[in-house]
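Taking UniProt numbering, I'd label the letters of the sequence shown as residues 1 to 445.
Below: one structure, written as structure tokens.
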Amino acid sequence: MEHQDIAKNAMPPPQSPKITVGRAEFNMQQSQVKDTYRQLLTGDPLTKKQRLLEGSDISSNIILETAATNHEDATVHSNPVAIWKSCSSQVVNELEIASQEWLSSWCQLNEEENAAMNHIQDLFKTSQEINIGFRQQSEFSLRRQARLRREYLYRKSIEDRHATMQQRKEKIKESLREGKEIPTTLQSKALKLMADGDWDDPGPQLAVELGGEAAGGSTNVDDEYRWAGIDDPKVVVTTSRDPSSKLKQFAKEIKILFPNSQRINRGNYESKQLIDACRANEVTDFVVLHETRGNPDGLVISHLPNGPTAYFTLADVVMRHDIPNIGTMSEQYPHLIFHNFKSKLGTRTLNILKYLFPVPKDDSQRIVSFTNWDDWILFRQHTFKKVDGGKDYDLKEIGPRFSMKLFRIIMGTIEQARAADTEFVLRPYMNTARKRRLLSDDDPW
1 MEHQDIAKNA MPPPQSPKIT VGRAEFNMQQ SQVKDTYRQL LTGDPLTKKQ
51 RLLEGSDISS NIILETAATN HEDATVHSNP VAIWKSCSSQ VVNELEIASQ
101 EWLSSWCQLN EEENAAMNHI QDLFKTSQEI NIGFRQQSEF SLRRQARLRR
151 EYLYRKSIED RHATMQQRKE KIKESLREGK EIPTTLQSKA LKLMADGDWD
201 DPGPQLAVEL GGEAAGGSTN VDDEYRWAGI DDPKVVVTTS RDPSSKLKQF
251 AKEIKILFPN SQRINRGNYE SKQLIDACRA NEVTDFVVLH ETRGNPDGLV
301 ISHLPNGPTA YFTLADVVMR HDIPNIGTMS EQYPHLIFHN FKSKLGTRTL
351 NILKYLFPVP KDDSQRIVSF TNWDDWILFR QHTFKKVDGG KDYDLKEIGP
401 RFSMKLFRII MGTIEQARAA DTEFVLRPYM NTARKRRLLS DDDPW
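Laid out in structure tokens, this is it:
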């Protein structure tokens with residue numbers, strides 16, 4: 001009996017170890033396989049392939065572990081052959097689907113990579129063609145600008161030569177009329193000049209003296225403003241470098257002042273770069289505003305493509321931003337009023353300012369006035385409306401207002417300031433400076 005009890009209570013013989021996997025762990029491992037492949041198949045095409053290669057070993061290990069769990073009481077043996085024999089049909093299907101997805105993704109990535117490389121090559125070829133076209137166009141534009149500049153300078157030199165000869169002839173004729181001795185510098189050339197003077201036609205010279213280019217005289221001013229009144233001017237407004245907030249506001253008002261104008265930020269661009277860009281876009285006038293400690297005090301108007309360039313000092317600037325509740329400003333093409341510009345320099349200044357504006361319509365109710373008072377140009381801007389049934393007019397100043405004084409004119413654009421000829425320069429420290437009036441000898445009122 002004792003032997004029988006001992007046999008009953010004896011421990012069973014050792015068996016191979018079992019690891020029971022529950023349904024929850026089985027589902028978790030399946031979802032882990034799917035998430036792994038989903039992560040491998042997302043992302044940009046250039047890194048998918050590398051991620052697939054790096055993740056293939058990890059996913060295969062997960063699949064091997066999952067293959068051993070076909071039921072809740074699945075047993076994992078140390079033998080890999082036994083693992084694959086015990087795998088369920090569901091896990092095998094998952095493995096086949098995952099491998100097919102991996103192969104299709106690999107093929108798709110190859111196609112995307114080839115398409116991307118072809119697209120990059122096409123873009124590179126297109127960029128090369130565009131660069132070649134821009135280079136040829138810029139070279140052609142530079143040659144054209146140089147040719148036009150040479151032609152303009154040649155015509156101007158011929159005009160200066162003819163003007164000098166005409167002055168010499170006039171001096172000789174005046175000496176003969178008054179019975180005076182011919183100047184010593186002209187005695188050797190007097191006979192030839194008198195012979196040439198018999199065939200001179202005084203018409204064009206008189207036209208220039210009486211009415212300038214508007215009367216039919218041919219001058220270089222005709223070449224500078226030959227399209228004035230036919231095509232509307234195209235103005236670009238900018239500032240000096242690192243402008244203050246007040247100068248930016250003033251530039252906005254000047255932009256609205258000139259119709260068909262555009263304001264650009266100066267940035268770090270040089271004058272030559274801006275002028276070249278304006279020439280390429282057929283800009284007619286380039287306006288630069290300057291300041292001193294936040295107060296606008298300079299205005300430069302450069303006519304394109306060959307000049308002239310006028311420099312003005314600004315004073316007594318009152319901007320629209322400084323006036324409360326002023327409302328909006330009219331953008332109609334304005335009527336222009338120029339008062340007391342009677343000298344040759346005054347006519348030149350009048351033309352520089354006049355051709356900044358297009359031809360207005362008859363019913364425009366906006367007026368811009370430039371009044372010369374002791375060589376200071378007073379700028380005002382008004383709008384008007386008819387009252388009392390059209391018998392009277394009501395004027396309203398809309399701003400801005402400022403005073404301008406011309407101090408320099410060069411025969412070139414703004415980037416040619418050091419090399420261009422100087423047509424006029426103000427010399428305020430001469431003994432007769434306080435007695436001279438440059439724009440007109442008359443009082444404005």
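Idealized CB from N, CA, C, for every residue including glycine.
- In the displayed model, R348 falls within a helix according to three-state DSSP.
- Annotation for R279: the continuous alpha helix (DSSP H) segment containing it runs 271-280.
- Uninterrupted alpha helix (DSSP H) stretches at least 4 residues long and entirely within the region 325-413 occur at 344-354, given in chain order.
- Just so you know, the alpha carbons of T309 and F338 end up roughly 20 Å apart.
- Shortest Cα-Cα distance from E282 to any of N372, K248, W227 involves W227.
- With fewer than 16 other Cβ atoms from the protein chains shown falling within 10 Å of its own Cβ, Y154 counts as exposed.
- In the DSSP annotation of this structure, the continuous segment of the beta strand (DSSP E) that includes A310 starts and ends at 309-318.
- Distance check between A419 and each of V425, I410, R427 places I410 closest, using alpha-carbon atoms only.
- Distance from the CA atom of R380 to the CA atom of F258, rounded to whole angstroms, is 13 Å.
- The C-beta distance from V318 to G399 rounds to 6 Å, short enough to meet the 8 Å contact threshold.
- Counting only the Cα atoms, L123 lies some 52 Å from T349.
- A direct Cα-to-Cα measurement between A277 and A146 gives close to 15 Å.
- D297 is positioned such that its CB atom lies closer than 7 Å to that of L314.
- DSSP places I254 in the uninterrupted alpha helix (DSSP H) bounded by 245-257.
- In the three-state scheme derived from DSSP, where H, G and I count as helix and E and B as strand, T432 is classed as coil.
- Annotated three-state conformation of I158 is helix, per DSSP.
- With fewer than 16 other Cβ atoms from the protein chains shown falling within 10 Å of its own Cβ, L176 counts as exposed.
- For E423, the enclosing beta strand (DSSP E) covers residues 422-425.
- No Cβ-Cβ contact shorter than 7 Å links Y393 with F402.
- Closest in alpha carbon position to P243, among K234, S261, T292, is T292.
- Between the alpha carbons of F370 and D388 lies a distance of about 28 Å.
- Collapsing the DSSP output to three states places R263 in a strand.
- For R168, same chain residues with a beta-carbon under 8 Å away, outside a window of 5 residues either side, are L186, K189, L193 in chain order.
- Check the Cα spacing between E397 and each of D443, T422, I323: the tightest is with I323.
- By the CB criterion at 7 Å, S261 and K255 fall inside the cutoff.
- In summary, V300 is buried, with 16 or more beta-carbon neighbours lying within 10 Å of its beta-carbon over all protein chains present.
- Closest option to K344, judged by alpha-carbon separation, among Y269, I414, R437: R437.
- Assigned with DSSP and collapsed to three states, S302 falls in strand.
- DSSP, read as helix, strand or coil, puts T284 in coil.
- Out of G412, L148, N265, the CA that lies nearest to the CA of R241 is found in N265.
- In the structure shown, L191 falls within a helical segment according to DSSP collapsed to helix, strand and coil.
- In the three-state scheme derived from DSSP, where H, G and I count as helix and E and B as strand, E291 is classed as strand.
- In the DSSP assignment, D231 forms a beta bridge with A228.
- Under the three-state reduction of DSSP, D322 is assigned to helix.
- In this structure P358 touches D232 by the C-beta definition: roughly 4 Å separates them, less than 8 Å.
- Residue state for D242 is assigned as coil, using DSSP reduced to three classes.
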